[in-house]
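Participant: Let me give you the structure first, and then I'll get to my questions.
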Amino acid sequence: MRILVTGATGFVGRALLPALLDAGHDVLAGTRHPDTYDGPGLPVAADVGDPEQLSAALDGCDAAYYLVHAMEGDPRGDFAARDRRSAEVFAELAAARRLKVVYLGGLDSADTVSDHLRSRLEVGRILRERAGAVELRAAVVIGAGGSSFRMLQGLVEKLPVLVAPRWVDSRCQPIALGDVVRYLAAALDLPAGHYDVAGEQVLTYEQMLLGYARIRGLRRTLVTVPWVPAGLSARGVALLSGLDLALVEPLIEGLAVDVVAADDRIRALVPFDPLDYEQSVRAALAPTTTPAAAA
Ligand SMILES: NC(=O)c1ccc[n+]([C@@H]2O[C@H](COP(=O)([O-])OP(=O)(O)OC[C@H]3O[C@@H](n4cnc5c(N)ncnc54)[C@H](OP(=O)(O)O)[C@@H]3O)[C@@H](O)[C@H]2O)c1
C-alpha cells in the first residue's frame, strides 16, 4: 500500500514509520518541514491546516494515518478549533479518495473530560463519521520522547520529594509505544470503528511515578497536596520536563479523570500480550529500542 503518515516527525509517527516500511508498504512521511526531515520514508509537505498541500500529499495513496494535534505552540488555547477544522478537511479529502484512515486518539472517560480529551474524541468522531476511520484510543503511551512520559520522567528524575496534586489518585491504563505501533499497523485491516488499546495494568499516577522511581533505583517520597493550583502544577511540570507549557497545561488538565479501557475487542482481533508497566518503562529506557534508534 502507499500510505501517508501525518505527524511522521512526532513521538508515535517516528516509531510507526519503520514498522510500515518493514511490512513492505510505500510510506510517505508527512510533515510541515519536509526540507529538514531526516527520518525513514519519503518526506512530503502535509500541513493538515493547508487543504491544497494535504490534497496533493494524499493523491495516489491507499491509506493515511492521522497522528497530529495542534496543542504545541498554542498559547491562545484554541487548539480544539484548529484540530476540528483540520480533521474535517482531512476526512473530506480522504473520503473523496476512499482511503483507509487510521487515527490514534485518547481513551473516553465516564467523568467530565478535559478540553484536550474532548478534542481528541471529537477528532475521532469526525474521522469515523466522515471517512470511516479506525480510531484507536489510548491513555499515556510509554516510550522515549513521549510528552506524557517526559512529564513523568521530569518529575521523578529531578525531585527527591514529589509534591503532587490530587490527580495522583486518578487511574490510568498506560500502554507501551511498541504495542501501540503493533495495533496501529494492524489497524489497516480492521473494520471502521473505535477500539481501546491499553496495557495489562490499571495504575494510579502515584503508582506510575513511584514505579518509575523504583525501576530507576531512585529513592522518592510522594506528598499529596490537594490545593496546588492546576496552573502552578503545569508550570512546574513544564519546567522540569522541558516541554512547551501550551502542551503541558491541557495534558495536566486531563489527569483529573480516570482513563481506563472500556472495551478489549481489539485483543481478539489483534492477538498478542501487551507489556505491563514495568516492561514498558524498561523498553522506553533501553537505548537500543528508542524510536530514534529504530529510525
Ligand atoms: N504521546 C502520548 O502519550 C499519546 C497518548 C494517546 C494518544 N496520543 C495520540 O497520538 C497522536 C500523535 O501524538 P504524538 O505524541 O506522537 O504527538 P507529538 O510527538 O507531539 O507530534 C505531533 C506531530 O504533529 C505534527 N503536526 C502538528 N501540527 C501539524 C499540522 N498543522 N500539519 C501537519 N502536522 C502537524 C507535528 O509534525 P511537524 O512539526 O513535523 O509538522 C508532529 O509530528 C495524537 O493524536 C495524540 O493525541 C498520544
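The opening residue of the sequence shown carries number 198 in this note's numbering; numbering runs sequentially from there. Backbone N, C-alpha and C fix where the C-beta goes; we use that ideal spot for every residue, glycine too.
1) Quick check on DSSP: helix, strand or coil for D393?
2) Kindly indicate the opening and closing residues of the alpha helix (DSSP H) around G302.
3) Is the CB-CB distance between L301 and A335 below 8 Å?
4) Who are the Cβ neighbours of A435 in its own chain at under 6 Å, not counting the five residues just before and after it?
5) Determine, using beta carbons only, whether A453 and S311 come nearer to each other than 8 Å.
6) What separation, rounded to the nearest whole angstrom, lies between the Cα atoms of G480 and G340?
7) Apart from the five residues on each side of it in sequence, which residues of its chain come closer than 6 Å, Cβ to Cβ, to P488?
8) Evaluate contact between the stretch 319-334 and the stretch 275-286, counting only Cβ atoms and requiring at least three cross-stretch pairs below 8 Å.
9) Going along the chain, which unbroken runs of the alpha helix (DSSP H) with 4 or more residues stay wholly within the stretch 448-486?
10) Assuming Y325 and A292 form a contact by the criterion Cβ under 8 Å, report the distance between their Cβ atoms to the nearest whole angstrom.
11) Just verifying my parser: in three-state terms, what is the DSSP assignment at G321?
12) May I have the straight-line CA-CA distance separating L415 from V478, to the nearest angstrom?
13) From the DSSP output, read off the bridge partner residues of L225.
14) Looking at the unbroken beta strand (DSSP E) that takes in A260, where does it start and where does it end?
15) Does ligand 1 have even one heavy atom less than 7 Å from the beta-carbon of H391?
16) By how many angstroms is the C-alpha of I200 removed from the C-alpha of C258?
17) For T206, name the three-state secondary structure that DSSP assigns.
18) Is V337 near ligand 1, judged by its Cβ being under 7 Å from some heavy atom?
Facilitator: Quick answer:
1) strand
2) Where G302 is concerned, there is no enclosing alpha helix (DSSP H), although the beta strand (DSSP E) it sits in stretches over K297 to G303.
3) yes
4) L442 and V445
5) yes
6) According to the sequence provided, residue 480 is Ala. The question's Gly does not apply to it. If you take the alpha carbons of A480 and G340, they lie about 7 Å apart.
7) Residue confidence is low: P488 scores 49 on pLDDT, short of 50, so the model does not pin down where it sits. Its coordinate-derived value is still stated next. So the list reads R211 and A212, once near-sequence residues are dropped.
8) yes
9) 462-466 and 474-482
10) The question names Tyr, but residue 325 is Arg in the sequence shown. With 8 Å as the limit, R325 and A292 do not qualify as a contact, their Cβ atoms being about 11 Å apart.
11) helix
12) 14 Å
13) L201 and L239
14) A260 to Y263
15) no
16) 6 Å
17) coil
18) yes
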